[in-house]
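The listed protein sequences derive, respectively, from chains A and B. Be aware that the first sequence starts at 44, since it is given in the working numbering, and climbs by one per residue. Be aware that the second sequence starts at 44, since it is given in the working numbering, and climbs by one per residue. All remarks here apply to the structure that follows.
Number of protein chains: 2
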Amino acid sequence: MGVHNRISVFRAERGLSRKELAEAVGVNPQTIGYLERGDYAPSVELALKIAQVFGAPVEMLFSLKPFASLAQTISSKGES
Amino acid sequence: MGVHNRISVFRAERGLSRKELAEAVGVNPQTIGYLERGDYAPSVELALKIAQVFGAPVEMLFSLKPFASLAQTISSKGES
DNA sequence: TAAGAATGTTGTGTAAACACAATATAAGCA
DNA sequence: TGCTTATATTGTGTTTACACAACATTCTTA
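Now the structure itself:
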């Protein structure tokens, strides 16, 4: 119950594999998989590290409510 | 290993007791005590809820590095 | 003075966040 | 074709984030 996340989206944009992200934050590659699948939510420590890798605030990557689609999120910001 | 936090500072400003904060985020009052003492770090879920209560981003309440003093933090923002 | 609120401490128990190993599958490339 | 990389799945084990109870301490406040 859940914390939702956009790890896979940010990871895709950066062209990072799970293994590479895992190494960057110091966890087992499987752990990234568990997070992306929503099997469980990370500790704040891990969340802070992941957010740091992507240069984004924690709230942009993790949320108590489901994320809106990228299309909605981006267009509501008036960007292209 | 540590995640540092400013929960007690924000709680003091609001005049909230641990019990009240605990009820606001749905955990046991003792849990707030453990967090404030640094006995352990919260899940992202709890961190998001606590940050939400104070209307602050997660990074303002939780950090991988020790927080600077309020005096430094506030004066470096040019506020009074 | 007593009584209540806030906090600290210790202890026990459970659930969830990890590590790690093994194996399967699919896609891309030599 | 075989090899590698990325991902999914299953299983076992350890650590830690929690719940809950009991009790001590300090500070108010009636």
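All residues carry an ideal CB built from backbone N, CA and C; glycine is no exception.
Of the residues assessed, Ile117 of chain B falls on the exposed side of the cut-off, its CB having fewer than 16 other CB atoms within 10 angstroms.
Here the C-alpha atom of Leu59 of chain B lies approximately 39 Å from the C-alpha atom of Gly121 of chain A.
Interface residue (Cβ-Cβ distance to chain B less than 8 Å): Leu91 of chain A is classified as such. A Cβ-Cβ separation of about 18 Å leaves Leu107 of chain A out of contact with Val52 of chain A under the 8 Å criterion.
Residue-level contact by beta carbon fails for Val96 of chain A and chain B, as no gap is shorter than 8 Å.
Not flagged as an interface residue toward chain B: Ser51 of chain A, since no C-beta distance is shorter than 8 Å. Taking one beta carbon from each stretch, the segment 74-93 of chain B and the segment 92-100 of chain A have fewer than 3 pairs nearer than 8 Å; the two do not touch.
Judged by DSSP secondary structure, Arg49 of chain B falls outside any alpha helix (DSSP H); it is assigned neither H nor E.
The beta carbons of Pro100 of chain B and Pro100 of chain A sit closer together than 8 Å. In the same chain as Pro109 of chain A, and ignoring 5 residues on each side of it, the C-beta atoms closer than 8 Å to its own belong to His47, in chain order. Taking CB atoms only, Ser86 of chain B has a neighbour in chain A less than 8 Å away.
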